[in-house]
Each structure stands twice: as C-alpha cells, then as structure tokens.
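Student:
2 protein chains.
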Amino acid sequence: MAETETFPERRRGSGVKLVYDLLRDEILDLVLPPGSPIDEVQLAERFGMSRTPIREALVRLAGEGLVETLPNRSTMVANIDFLNMHTFFDALTLMYRVTTRLAASYHQPADLEIIREHQARFTAAVEAQDALAMIASNRDLHAAIAEAGRNPYYISLFLRLLDEGRRLLRLYYQSFNDRLPREYVDEHEAMIAAIEARDVELCDRLAKAHADQIVRQIQQFLARDQRQSLPL
Amino acid sequence: MAETETFPERRRGSGVKLVYDLLRDEILDLVLPPGSPIDEVQLAERFGMSRTPIREALVRLAGEGLVETLPNRSTMVANIDFLNMHTFFDALTLMYRVTTRLAASYHQPADLEIIREHQARFTAAVEAQDALAMIASNRDLHAAIAEAGRNPYYISLFLRLLDEGRRLLRLYYQSFNDRLPREYVDEHEAMIAAIEARDVELCDRLAKAHADQIVRQIQQFLARDQRQSLPL
DNA sequence: TGCATTTTATTTGTCGACAAAGAATCGACG
DNA sequence: CGTCGATTCTTTGTCGACAAATAAAATGCA
Numbered sequence: 001m002a003e004t005e006t007f008p009e010r011r012r013g014s015g016v017k018l019v020y021d022l023l024r025d026e027i028l029d030l031v032l033p034p035g036s037p038i039d040e041v042q043l044a045e046r047f048g049m050s051r052t053p054i055r056e057a058l059v060r061l062a063g064e065g066l067v068e069t070l071p072n073r074s075t076m077v078a079n080i081d082f083l084n085m086h087t088f089f090d091a092l093t094l095m096y097r098v099t100t101r102l103a104a105s106y107h108q109p110a111d112l113e114i115i116r117e118h119q120a121r122f123t124a125a126v127e128a129q130d131a132l133a134m135i136a137s138n139r140d141l142h143a144a145i146a147e148a149g150r151n152p153y154y155i156s157l158f159l160r161l162l163d164e165g166r167r168l169l170r171l172y173y174q175s176f177n178d179r180l181p182r183e184y185v186d187e188h189e190a191m192i193a194a195i196e197a198r199d200v201e202l203c204d205r206l207a208k209a210h211a212d213q214i215v216r217q218i219q220q221f222l223a224r225d226q227r228q229s230l231p232l
Numbered sequence: 001m002a003e004t005e006t007f008p009e010r011r012r013g014s015g016v017k018l019v020y021d022l023l024r025d026e027i028l029d030l031v032l033p034p035g036s037p038i039d040e041v042q043l044a045e046r047f048g049m050s051r052t053p054i055r056e057a058l059v060r061l062a063g064e065g066l067v068e069t070l071p072n073r074s075t076m077v078a079n080i081d082f083l084n085m086h087t088f089f090d091a092l093t094l095m096y097r098v099t100t101r102l103a104a105s106y107h108q109p110a111d112l113e114i115i116r117e118h119q120a121r122f123t124a125a126v127e128a129q130d131a132l133a134m135i136a137s138n139r140d141l142h143a144a145i146a147e148a149g150r151n152p153y154y155i156s157l158f159l160r161l162l163d164e165g166r167r168l169l170r171l172y173y174q175s176f177n178d179r180l181p182r183e184y185v186d187e188h189e190a191m192i193a194a195i196e197a198r199d200v201e202l203c204d205r206l207a208k209a210h211a212d213q214i215v216r217q218i219q220q221f222l223a224r225d226q227r228q229s230l231p232l
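Sequence lines, in order, name chains H and P. Everything in the first sequence is counted per the UniProt record's numbering, starting at 1 for the first residue and increasing by one. Everything in the second sequence is counted per the UniProt record's numbering, starting at 1 for the first residue and increasing by one.
#1: Which whole runs of the alpha helix (DSSP H) in the UniProt domain "HTH gntR-type" (13-80) of chain H are 4 residues long or more, in chain order?
#2: Compare the beta carbon distance of H/R101 and H/V200 with 9 Å and say whether it is the shorter of the two.
#3: Hey, P/T87 and H/P152 are a contact pair by Cβ (cut 8 Å); roughly how many whole angstroms apart?
#4: I want to verify the contact list: residues of chain P whose CB lies under 7 Å from the CB of H/Y154, in sequence order.
#5: Tell whether a beta-carbon distance below 9 Å holds between H/P91 and P/Y154.
#6: By how many angstroms is the C-alpha of P/M49 removed from the C-alpha of P/Y20?
#7: My output table needs one value for H/Q220: the three-state DSSP class, helix, strand or coil.
#8: Enumerated in chain order, which unbroken segments of the alpha helix (DSSP H) with a length of 4 residues or greater are wholly contained in the stretch 119-149 of chain P?
#9: Beta carbon of H/R160, beta carbon of H/I135: below 9 Å?
#10: Between H/L61 and H/L30, which are expected to be in contact by the criterion C-beta below 8 Å, what is the C-beta distance as a whole number of angstroms?
#11: Roughly how many whole angstroms lie between the Cα atoms of H/A181 and H/Q217?
#12: Shorter than 9 Å from the beta carbon of P/R60 to some beta carbon of chain H?
#13: So the candidates are P/G65, P/D212, P/Q219; which of them puts its Cα closest to the Cα of P/V77?
#14: Would you mind telling me which residues of chain H sit closer than 9 Å to P/G63, beta carbon to beta carbon, in chain order?
#15: Under three-state DSSP, which class holds P/L162?
#16: For P/A128, count neighbouring C-beta atoms within 10 Å of its own C-beta (all shown protein chains included) and say buried if the count is 16 or more, exposed if not.
#17: Closer than 9 Å by beta-carbon distance: list the chain P residues that pair up with H/E56, in chain order.
#18: If you run the structure through DSSP and keep just helix, strand and coil, what is H/T4?
#19: Within its chain, find whatever has a CB closer than 8 Å to the CB of P/H142; leave out the 5 residues flanking it on each side and keep chain order.
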C-alpha cells in the first residue's frame with residue numbers, strides 16, 4: 001500500500017505543478033473517488049515536501065471545482081452532482097456547438113494539423129478498443145477545436161466541462177463494455193471537414209448532433225445504473 | 001500615503017476571504033490599475049497578517065484571471081486585453097442570451113422578487129446619475145437573472161464576464177459623462193416581463209438586443225479613446 | 001445503560017524564518 | 001564612455017512549528 005515514490009531534486013516552483021497535475025489526474029481518473037477525503041500531511045509525506053505547496057495545489061483545484069473544502073475541516077474530492085446533470089449536458093452541448101462554429105471561422109492551417117493528429121489518435125484508440133485512450137484523445141480533440149476558435153472564455157469553460165465529462169465517462173467505462181461506437185470517428189471526420197470548409201452552419205448542426213449522441217449515451221448509462229441500484 | 005488601517009481580532013480562517021474580497025474590489029474598481037505590481041510583504045503589513053493567507057488569496061485571484069503571476073517574480077494585476085476584446089463581447093452576448101432564456105424556463109417566484117429589487121436599485125441609480133451604483137446594480141441584476149436560470153456552469157462564466165465588464169465600464173465612466181441611457185431601464189423591464197411570462201424566444205431577442213446595445217456603447221468608447229491616444 | 005460534559009487527539013490555518021531566483025547595482029576592463 | 005561580469009538586494013517559494021477549531025474518546029451522572 002505504501003509505495004515509496006521518490007521525487008528527486010526538483011526545481012524551485014515546480015512542486016505545486018507536480019502535485020496539482022497528479023492530483024488532478026487521479027481525481028479525473030477516479031483513482032481518488034468522489035467524496036474521498038484528502039489529507040494534507042499525508043500528501044506532503046508522499047511527495048516529500050512541506051504542506052505549503054500541497055495547500056496551494058488544493059486551492060487551485062478548489063477554484064476549478066474539482067475539490068471541495070470545508071472550513072477548518074478536511075478537504076475532499078468533489079462529488080458528482082447527478083441531480084443537476086441536465087445543467088451539465090446543456091452547457092456541454094452549447095460549448096460543443098459554439099467552439100466548433102468558432103473553429104470554422106477562425107482556424108488557421110496549423111490548427112487543423114493538430115486537430116487531425118488528435119483525431120488519428122482517437123481512431124487508433126477506437127480500433128485498439130482502448131477506452132481510456134479514447135476518452136483522453138476525444139477530450140484532446142475537442143480541446144484542440146476549441147483552441148482553434150480562439151476564445152479564451154469558451155475554452156476555459158469547455159475544458160472544465162470536458163474534464164467533468166472525463167470523470168463521467170470513466171465511471172461509464174469502468175462498469176460496462178469498453179467500446180465506443182465507430183460512429184464517433186465518422187462524426188469527428190465530418191466535423192473536421194466542415195471546419196476546414198469554414199461552413200459555420202454545418203459545424204453547428206454536426207456539433208449538436210455529436211453532443212446529443214454523447215449526452216444520450218451517458219444518460220442511457222445513468223438510467224441503467226439507476227435501475228441497478230434500485231432496492232429489489 | 002501610509003494610512004494605518006486596523007484589522008482587529010479576526011476569526012481564524014477569515015483572513016483569506018478578507019484579503020480576497022478587498023483585493024478583488026480594488027482590482028475591479030481600478031483602484032489597482034491593470035499591470036500594477038502586487039507585493040506580498042506590503043499586503044501582509046497592510047492587513048496585519050502573515051504572507052501565507054495573502055498568498056492564498058492571490059492564488060485564488062489568479063485562478064479567476066484577475067491577477068497574473070510570473071514564476072519567481074512579482075504577481076501583477078491582470079491587463080485588459082484590448083486586442084481580443086471581440087472574444088469578450090461574443091461570450092458576454094451569448095451568456096446574456098442563455099441565462100435570460102434559462103431564467104424564463106426555470107425561475108421561481110422568489111427569484112423574480114430578487115430580480116425586481118436589483119432593478120429598482122438600478123433605476124434609482126440611473127435617476128441619481130450615480131454611475132458606480134449603476135454599474136454595480138446592473139451587474140447584480142444580471143447575476144440574479146443567471147441565478148434564476150440555475151445552471152452553475154453558465155453562472156460562473158457569466159460572473160467572470162460581468163466582472164471583467166465592470167472593469168471596462170469603470171474605465172469608461174472615469175473618462176466620460178456619467179450618464180447611462182434611460183433606455184436600459186426600459187430594456188430591463190421588458191426582459192423581466194418576458195422572464196415572468198416564460199417567453200423564451202422573446203427573452204432571447206431582448207437579451208441579444210440589450211447585449212448588442214452595451215457592446216456597441218463600449219466599442220464606441222474604445223474607438224473614441226483610441227482616437228484620443230493617437231499621436232498628433 | 002443512556003446521555004451530557006469534559007478531555008484528548010487530529011487536522012487545519014497562520015506564522016516567522018530561510019534559501020533560491022531574478023533584478024538592480026557596482027566595478028573592471030576594453 | 002560603453003559593455004560585460006561579479007556582487008548585492010529584493011522578492012518569492014518552501015519549510016517546520018505552533019495554535020485554533022473541530023471531531024473523537026473518555027468520563028461522570030442519572
């Protein structure tokens with residue numbers, strides 16, 4: 001249980017980022033399940049540093065809503081709010097649409113290259129049936145599209161939503177079959193082509209369809225999960 | 001210059017919030033102009049506390065983009081990015097529309113009361129020609145509308161945008177006439193009525209018109225300002 | 001035994017101090 | 001007189017320690 005990780009000579013100032021990135025990944029990959037408490041001292045020992053940088057990393061995570069902190073009492077991994085899931089779906093769909101539209105308008109050649117790289121990775125993940133790689137590359141792909149749209153406000157909200165979605169999908173692929181429909185690959189291709197053609201309206205329609213597809217799939221899972229957890 | 005503020009016995013844990021709130025206000029009201037450096041030690045002395053809580057407040061402000069921090073070097077008040085102002089306008093307009101639409105759908109009676117209170121304050125500010133009160137109450141009014149829409153993702157993005165707008169407007173009303181068109185009062189009234197009538201489409205149109213109006217006014221100011229700062 | 005109250009224990013919030021990383025200053029050399 | 005390099009100085013990043021706040025355990029009492 002107590003694996004001795006060793007973090008050798010670090011550069012001054014790199015500590016927070018190290019802790020932040022790792023904690024973030026562990027939260028989004030559900031290694032740290034929602035609601036689990038986070039002990040500062042324990043983390044300090046684990047990373048071989050003082051509590052100060054740990055604390056700063058936690059404050060940043062709290063700012064992004066990945067961690068909830070009760071005053072004078074332990075901070076814990078943020079819960080997933082299943083009750084208000086529809087607000088998440090609503091915002092996610094809107095951001096899919098808006099970022100894809102903007103990408104159609106403002107993308108530059110270099111953006112398309114990056115987007116295509118991510119799409120290639122996503123395709124490879126689908127063919128390898130590697131669910132985690134699918135989740136990651138799907139996220140990266142849409143993040144790249146958002147970047148091509150060049151609106152920092154949308155980008156930051158979208159990233160937050162995609163991360164939250166990463167947690168949800170992770171939940172999904174832990175419990176069920178590890179296959180993501182090949183459809184997604186084609187939908188992505190269509191979106192990329194529409195972006196390249198700078199066809200804003202087509203982008204909007206494709207993005208909405210794509211988002212609806214994903215939302216439907218997650219909702220299906222949620223419903224199924226809810227049925228399973230019903231008392232008999 | 002060195003006014004001796006006294007912050008007497010504080011409760012444990014209240015320090016960060018105190019510093020955060022005050023710094024935030026000073027940044028948004030341009031008491032701390034964009035680009036001005038922030039010295040931790042100086043703040044620590046001013047508030048009569050150690051650097052630790054100051055630091056945490058700064059980390060949180062950085063998370064909201066109100067403050068930029070260079071590694072190993074001083075953190076400073078975030079600059080206003082005049083070059084990419086259109087991304088701000090675009091996001092602001094969209095959030096005006098979305099939050100008003102959602103308010104039409106999801107508001108409850110208590111929400112309308114709160115909204116009307118803010119509108120009353122806004123009206124009073126307009127009649128008193130108190131620009132700062134207008135800015136504040138206008139912000140609060142739209143924040144209340146967003147709250148009535150009950151989507152935390154939109155709410156947080158919108159609040160961020162409204163704050164950024166508060167800085168812009170502050171810039172505006174420092175330099176020019178302190179009058180906001182009476183039109184805004186009527187536009188607000190129309191929006192509130194549409195929300196109450198749960199007319200989503202009308203809300204959308206009114207919100208868009210209102211946003212366009214505000215954007216146009218700010219752009220007008222920016223253009224005028226740019227002309228003035230041209231070398232002769 | 002069951003409940004209220006005191007005591008202990010754990011964990012956070014804050015502090016003062018020190019060392020590293022730049023920036024500014026000074027000085028040597030051309 | 002200007003440029004480069006060493007030195008000082010300022011400001012941040014990190015540390016270990018202590019005290020407040022709360023939870024958990026222990027104690028007293030009916």
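Idealized CB from N, CA, C, for every residue including glycine. From a predicted model like this one, the values you see are computed outputs, not experimental measurements.
Tutor: Taking the coordinates as given:
#1: 14-28, 40-47, 51-63
#2: yes
#3: 6 Å
#4: A91
#5: In the sequence under discussion, the amino acid at residue 91 of chain H is Ala, which differs from the Pro named in the question. In contact: H/A91 and P/Y154 (Cβ atoms closer than 9 Å).
#6: 13 Å
#7: helix
#8: Taking only runs of at least 4 residues, the alpha helix (DSSP H) segments lying wholly in the stretch 119-149 of chain P are 131-149.
#9: no
#10: At roughly 15 Å, the Cβ-Cβ gap does not stay under 8 Å, so H/L61 and H/L30 are not in contact.
#11: It should be noted that the sequence gives Pro, not Ala, for residue 181 of chain H. Looking at the two C-alpha atoms, the distance is approximately 10 Å.
#12: yes
#13: Checked all of P/G65, P/D212, P/Q219; the closest Cα to P/V77 is P/G65.
#14: V59, R60, A62, G63, E64
#15: helix
#16: exposed
#17: Simply R55, E56, V59.
#18: The predicted position of H/T4 is uncertain, since its pLDDT is 46 and thus under 50; a value taken from the coordinates is nonetheless stated next. Three-state result, H/T4: coil.
#19: Y96, T99, F158, L162
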